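In this note's numbering, the protein residues as written are 1 to 155.
So, in structure tokens, the structure goes:
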């Protein structure tokens, strides 16, 4: 009788631990964890010229994941949330720009400034910035329920 009780107790304990483990792993994975997103489009320029082929990353200051976009030939971008859904979390964002160049630019000064240049204060010091050549001192506000057409200028 004790042997049957021990087996039953071990199976019940295993089942309870397995169910708790599964429940713990799914916490934070629910689709409801994603904030309501606001549609964001924008334009990126440098020296009043479109900045093309750049990755634009919006990192919210409040809870939420980053949103990303790539500038086209006119410097325009549309953001997608980390899940691939269009938009960004509402609120203030730190904006990073990685790569790209001024449309029709012919010199290195038309690119994102290189690390160690006179533009160093504008350079990213954060691991989120994507490494050398990333501008990270830009900010933007995304407003829920509004059309967000954000104008960004690289210093």
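For glycine and all other residues, C-beta sits at the position ideal for the given N, C-alpha and C. Quick caveat: nothing in here was measured; it's all calculated off a predicted structure.
- Contact between residue 64 and residue 77 does not hold, since the beta-carbon distance rounds to 19 Å and is not under 8 Å.
- With contacts defined by Cβ atoms closer than 8 Å, residue 59 and residue 94 form a contacting pair.
- In the DSSP secondary-structure assignment, residue 83 is not bridged to any residue.
- Relative to residue 96, the option among 36, 138 and 149 whose CA is nearest is 138.
- Between residue 73 and residue 48, the alpha-carbon positions lie close to 14 Å from each other.
- Excluding residues up to 5 positions away in sequence, 74, 75 and 103 lie with their Cβ nearer than 6 Å to the Cβ of residue 50 in the same chain.
- Under the DSSP assignment, residue 149 falls in the beta strand (DSSP E) whose first and last residues are 148-154.
- CA-CA distance, residue 66 to residue 86, rounds to 12 Å.
- Per DSSP, residue 78 is one residue of the beta strand (DSSP E) stretching across 76-78.
- For the 8 Å CB-CB criterion, residue 54 and residue 88 do not form a contact.
- When rounded, the separation of the alpha-carbon atoms in residue 101 and residue 42 is 16 Å.
- Closest option to residue 40, judged by alpha-carbon separation, among 61, 147 and 155: 147.
- With fewer than 16 other CB atoms across the displayed protein chains lying within 10 angstroms of its CB, residue 155 is exposed.
- A direct Cα-to-Cα measurement between residue 35 and residue 92 gives close to 14 Å.
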